[in-house]
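Enquirer: Sharing a structure below in structure tokens format, with a few things to ask.
2 protein chains.
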Amino acid sequence: MEVTNRYITTKTHIDGAPKESLFELKTEALALSVEPGSNVVIVKNLYVSIDPYQINRMKTPGEVSHHLILLYQVRLWLVIDTYGVAKVVASGNPNFEKDDLVVGLITWGEYSVLKEGTILNKLDTVGFPLTYHVGILGLSGLAAYAGFFEVCKPKKGEKVFVSAASGSVGNMVGQYAKQLGCYVVGCAGTKQKVELLKEKLGFDDAFNYKEETDLQSALKRYFPDGIDIYFDNVGGEMLEAAVDNMNTFGRIAVCGVIAEYTDAGKRAAPDMLNVVYKRIRIQGYLAVDYLNVYEDFISTTSDHLRTGNMQALEDITSGVENIPSAFIGLFRGDNIGKKVVKLADE
Amino acid sequence: MEVTNRYITTKTHIDGAPKESLFELKTEALALSVEPGSNVVIVKNLYVSIDPYQINRMKTPGEVSHHLILLYQVRLWLVIDTYGVAKVVASGNPNFEKDDLVVGLITWGEYSVLKEGTILNKLDTVGFPLTYHVGILGLSGLAAYAGFFEVCKPKKGEKVFVSAASGSVGNMVGQYAKQLGCYVVGCAGTKQKVELLKEKLGFDDAFNYKEETDLQSALKRYFPDGIDIYFDNVGGEMLEAAVDNMNTFGRIAVCGVIAEYTDAGKRAAPDMLNVVYKRIRIQGYLAVDYLNVYEDFISTTSDHLRTGNMQALEDITSGVENIPSAFIGLFRGDNIGKKVVKLADE
Ligand SMILES: NC(=O)c1ccc[n+]([C@@H]2O[C@H](COP(=O)([O-])OP(=O)(O)OC[C@H]3O[C@@H](n4cnc5c(N)ncnc54)[C@H](OP(=O)(O)O)[C@@H]3O)[C@@H](O)[C@H]2O)c1
Ligand SMILES: NC(=O)c1ccc[n+]([C@@H]2O[C@H](COP(=O)([O-])OP(=O)(O)OC[C@H]3O[C@@H](n4cnc5c(N)ncnc54)[C@H](OP(=O)(O)O)[C@@H]3O)[C@@H](O)[C@H]2O)c1
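Those protein sequences? They're chains A and B, same order as listed. Oh and the first sequence: position 112 is 112 in full-length UniProt numbering, straight run, nothing missing. Oh and the second sequence: position 314 is 314 in full-length UniProt numbering, straight run, nothing missing.
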């Protein structure tokens with residue numbers, strides 16, 4: 001059988017904020033069968049993850065010095081890989097059969113043709129919706145869990161600040177911190193998000209950073225006794241303000257710096273004298289390094305979701321043609337919770 | 001008996017580089033006896049330590065937000081405390097007797113009147129010159145030892161970069177790293193210092209940072225395979241360049257940021273995307289937190305000095321009136337090794 005596969009590509013490298021004009025929806029005829037001897041797996045994409053880090057892979061090569069980004073750069077006019085959930089339609093790989101539900105690195109498209117070596121696993125839904133496995137029980141969730149518990153080494157009662165707190169990673173960090181018995185304040189970019197953090201997700205407090213003229217004093221107001229843990233999703237001025245408000249032996253997990261992704265001029269220049277005198281630890285990390293806690297993460301998080309101690313926050317759009325706007329929206333704060341694009345019914 | 005005590009004070013707060021005109025040499029009549037019932041200890045200062053951090057205590061209070069600095073601010077027109085070696089001339093404290101050699105927090109002056117609670121210990125010279133106990137076997141040495149071994153957690157064969165490498169802390173870090181079997185490159189501000197690092201102290205390589213127009217490429221030249229450990233004494237542009245050249249899972253010990261002490265405009269804005277993707281750890285620390293390794297530090301360092309595996313690098317000036325210029329010189333790179341001012345013969 002042959003289908004028409006539609007998928008997203010980039011036409012040029014990106015500097016600054018992403019725009020619709022940088023992307024193109026391409027169309028190809030795709031045979032849903034695997035040649036004898038090939039171990040390719042062809043999947044029908046159901047849900048794909050929309051993540052800020054993709055922009056770093058789309059930048060002009062000279063702009064980035066990190067070998068990991070260079071290694072995994074998005075190639076112009078080619079498919080863009082992404083975390084997501086899919087259904088096998090044809091398989092030359094003995095590990096997968098037609099109709100298997102799988103999770104792993106698929107593409108921003110309707111179908112994915114996956115070569116051997118692609119990260120792909122059979123999906124056990126453990127009774128949760130498929131979308132959960134794209135984010136909450138996927139890499140965003142693991143980033144939150146590992147970043148908070150393994151990197152920050154939190155203790156009950158500690159004061160935790162989370163930026164981009166209504167986002168995919170941020171909202172879960174705040175909820176994990178509440179489960180542990182921390183005092184948690186988050187910041188986000190709209191009134192509605194701030195309300196949601198306080199009312200629905202149980203944050204002790206929250207504020208709209210766009211309404212603050214002086215972030216250092218804002219944090220002083222929300223943390224009169226200082227911050228023990230800053231979970232950084234944004235970098236820039238917020239990181240500077242957090243460093244100024246950290247307590248002695250404070251820990252900063254640098255999960256991401258979205259404010260700097262589209263504008264290198266926004267780089268944080270934290271007061272290193274504070275870093276020395278307060279013995280602050282600033283630690284970058286990647287979720288993928290923490291597969292050793294993956295089972296703990298899934299079981300702990302599943303339990304909290306089942307008992308209602310944690311809430312799932314998702315933001316779902318439909319249609320491959322809407323992937324670019326979903327992605328662009330991340331940098332404008334359009335999303336509330338994990339941004340997912342639905343491509344097909346199961 | 002009464003003597004004339006001469007000591008250094010500050011006349012105003014300092015912003016920017018320190019100048020002679022900010023200091024004043026004061027004179028007082030001092031009775032070398034202790035009132036009955038008082039537990040004051042009066043000491044004759046022999047050698048005092050000259051340290052960059054003192055400038056942070058001399059700044060206009062609003063310029064610094066770190067409570068530790070505020071708490072220990074130098075007060076205008078009063079004595080300035082410092083690490084040093086002295087001899088007891090009169091004591092109301094049963095732990096000390098006349099003629100005891102002591103080490104601890106004395107003053108930038110000829111005599112010190114030390115109240116109960118002042119950090120002060122009897123000195124066992126273990127066969128080394130008194131000056132060693134001011135720096136090499138004092139707080140500078142402990143800063144180097146703890147910062148390198150405890151904070152950086154080095155492994156044999158790792159590639160280590162040290163800034164202000166001919167300074168008090170820096171030269172010892174490089175020497176410890178060589179003892180462990182690391183590859184060590186240092187930077188310093190003159191040709192003479194660079195030669196000394198390579199010829200006398202056994203650094204694998206060294207360079208004059210003032211002759212480099214592009215620090216990022218300079219580090220790439222000296223570390224074609226990247227830096228595993230950066231021991232930061234200077235901050236600013238050097239920290240940025242180091243972050244760009246760090247290897248995956250690299251560690252940065254932030255011992256101090258002297259380039260930023262006299263000019264907050266020189267604050268480092270490291271590429272946090274590199275911090276994330278390379279999982280870099282940036283850790284501020286203070287030597288005083290590591291008294292638990294003090295005995296190891298003394299025994300290891302004494303052994304290395306005795307066997308000649310490590311060299312003592314000291315820079316000694318005489319006379320209380322020369323304390324300001326010795327201090328000012330730190331920020332101009334005048335000193336080679338531990339800067340000490342001698343105040344009296346033993
Ligand atoms: N280290 C890892 O392994 C790992 C894994 C996943 C994600 N990450 C990182 O974690 C961070 C959050 O990712 P996510 O997937 O959870 O995305 P997300 O938070 O769901 O979406 C991005 C959010 O960031 C906020 N934002 C956008 N531009 C901003 C700016 N200039 N300043 C402040 N906030 C801004 C927006 O919310 P507002 O309305 O609040 O502005 C937006 O909703 C990103 O930096 C990402 O790269 C790291
Ligand atoms: N965390 C702790 O517990 C602790 C303890 C002791 C010291 N420290 C810190 O460690 C650092 C070194 O202290 P130290 O006692 O060993 O002093 P030092 O290195 O003996 O003296 C300072 C040296 O720094 C260099 N320097 C001055 N201004 C500079 C600039 N703008 N850029 C680059 N280099 C500059 C100069 O050498 P060049 O000729 O190379 O420029 C100068 O000789 C300082 O930042 C200090 O505050 C921290």
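All C-beta atoms in this analysis are idealised placements derived from N, C-alpha and C, irrespective of residue type, glycine included.
Tell me which residues of the region 275 to 307 of chain A have at least one Cβ-Cβ distance to chain B shorter than 9 Å, keeping chain order.
Expert: For the region 275 to 307 of chain A, which is checked against every Cβ of chain B, the residues closer than 9 Å are Val275, Val276, Tyr277, Lys278, Arg279, Ile280, Arg281, Ile282, Gln283, Gly284, Tyr285, Leu286 and Asp289.
Enquirer: Please find out if some non-hydrogen atom of ligand 1 comes closer than 7 Å to the beta-carbon of Ser166(A).
Expert: For ligand 1, at least one heavy atom lies less than 7 Å from the Cβ of Ser166(A).
Enquirer: Answer yes or no: do Asn245(B) and Leu219(B) have a C-beta to C-beta separation smaller than 8 Å?
Expert: Yes, these two residues count as a Cβ contact at 8 Å.
Enquirer: Please classify Lys122(A): does DSSP put it in a helix, a strand, or coil?
Expert: Residue state, collapsed to three classes: strand.
Enquirer: Using a threshold of 7 Å, is the CB atom of Gly170(A) nearer than that to any non-hydrogen atom of ligand 1?
Expert: Yes; taking the cut-off as 7 Å, the Cβ of Gly170(A) has a heavy atom of ligand 1 nearer than that.
Enquirer: Heavy atom of ligand 1 less than 7 Å from the Cβ of Ala31(A), yes or no?
Expert: For ligand 1, not one heavy atom lies less than 7 Å from the Cβ of Ala31(A).
Enquirer: Ends of the beta strand (DSSP E) at Gly84(B)?
Expert: Residues Asp81 to Ser91.
Enquirer: What's the gap between the Cα of Arg267(A) and the Cα of Leu343(B)?
Expert: The alpha-carbon atoms of Arg267(A) and Leu343(B) are separated by roughly 47 Å.
Enquirer: With DSSP as the reference, identify every bridge partner of Gly337(A), one or two as the case may be.
Expert: Partner(s): Gly167(A).
Enquirer: Could you check which residue in Glu116(B), Gly147(B) and Ile55(B) has the C-alpha nearest to that of Tyr294(B)?
Expert: Of Glu116(B), Gly147(B) and Ile55(B), the residue nearest in Cα terms is Gly147(B).
Enquirer: So if DSSP puts Leu114(B) in a beta bridge, which residue, or which two residues, is it bridged to?
Expert: DSSP lists Val41(B) as partners of Leu114(B).
Enquirer: Taking 7 Å as the line, does the beta carbon of Thr131(A) fall inside it for any heavy atom of ligand 1?
Expert: For ligand 1, not one heavy atom lies less than 7 Å from the Cβ of Thr131(A).
Enquirer: Considering only C-alpha positions, which residue in the set Ile50(B), Leu180(B) and Gly37(B) is nearest to Ile136(B)?
Expert: The candidate whose alpha carbon is nearest that of Ile136(B) is Ile50(B).
Enquirer: Under the DSSP definition of a beta bridge, which residues are partnered with Lys266(A)?
Expert: In DSSP, Lys266(A) forms no bridge with anything.
Enquirer: From Val34(A) to Asn322(A), what distance separates their C-alpha atoms?
Expert: Approximately 29 Å between the Cα atoms of the pair.
Enquirer: Starting from Asn247(A), trace the beta strand (DSSP E) in both directions and tell me its first and last residue.
Expert: It spans Met246 to Val254 - the beta strand (DSSP E) in which Asn247(A) sits, taken as one unbroken run.
Enquirer: What residues are listed by DSSP as bridge partners for Arg281(B)?
Expert: DSSP, once it has assigned bridges, lists Gln283(A) and Arg251(B) as partnering Arg281(B).
Enquirer: So the candidates are Pro270(A), Leu215(A), Val276(A) and Ile258(A); which of them puts its Cα closest to the Cα of Asn233(B)?
Expert: Measuring from the Cα of Asn233(B), the nearest candidate turns out to be Val276(A).
Enquirer: Could you name each continuous beta strand (DSSP E) segment of 3 residues or more that falls completely within the region 296 to 321 of chain A, going from the start of the chain to the end?
Expert: The qualifying runs are 314 to 318.
Enquirer: Provide the residue(s) that pair with Asn208(A) in DSSP beta bridges, ordered along the chain.
Expert: For Asn208(A), which the question treats as bridged, DSSP gives the partners Ala188(A).
Enquirer: Would you mind working out which of Ser325(A), Asp303(A) and Ile336(A) sits nearest Phe128(A), comparing C-alpha positions?
Expert: That would be Asp303(A), whose Cα lies nearest to the Cα of Phe128(A).
Enquirer: To the nearest angstrom, how far is the alpha carbon of Leu114(B) from that of Leu305(B)?
Expert: Spanning the two alpha carbons is a distance of roughly 32 Å.
Enquirer: Which chain B residues are close to Val257(A), counting only those with a beta carbon under 8 Å from its beta carbon?
Expert: Those within 8 Å of Val257(A) in chain B are Met272, Leu273 and Val276.
Enquirer: Is any beta-carbon of chain B found at less than 8 Å from that of residue 348(A)?
Expert: Only positions 1 to 346 of chain A appear in this structure, which leaves residue 348(A) out of reach.
Enquirer: For Gly138(B) versus Tyr7(B), is the C-beta distance shorter than 8 Å?
Expert: Not a contact, by the Cβ cut-off of 8 Å.
Enquirer: So Glu260(A) is in the alpha helix (DSSP H); what residue range does that whole segment cover?
Expert: It spans Ile258 to Tyr261 - the alpha helix (DSSP H) in which Glu260(A) sits, taken as one unbroken run.
Enquirer: Identify the continuous beta strand (DSSP E) that holds Gly141(B) and give its terminal residues.
Expert: It is not in any beta strand (DSSP E) - Gly141(B) instead sits in the alpha helix (DSSP H) that spans Leu139 to Tyr145.
Enquirer: Determine, for Val254(B), whether the minimum Cβ-Cβ distance to residues of chain A falls below 8 Å.
Expert: Judged by the 8 Å Cβ criterion, Val254(B) is in contact with chain A.
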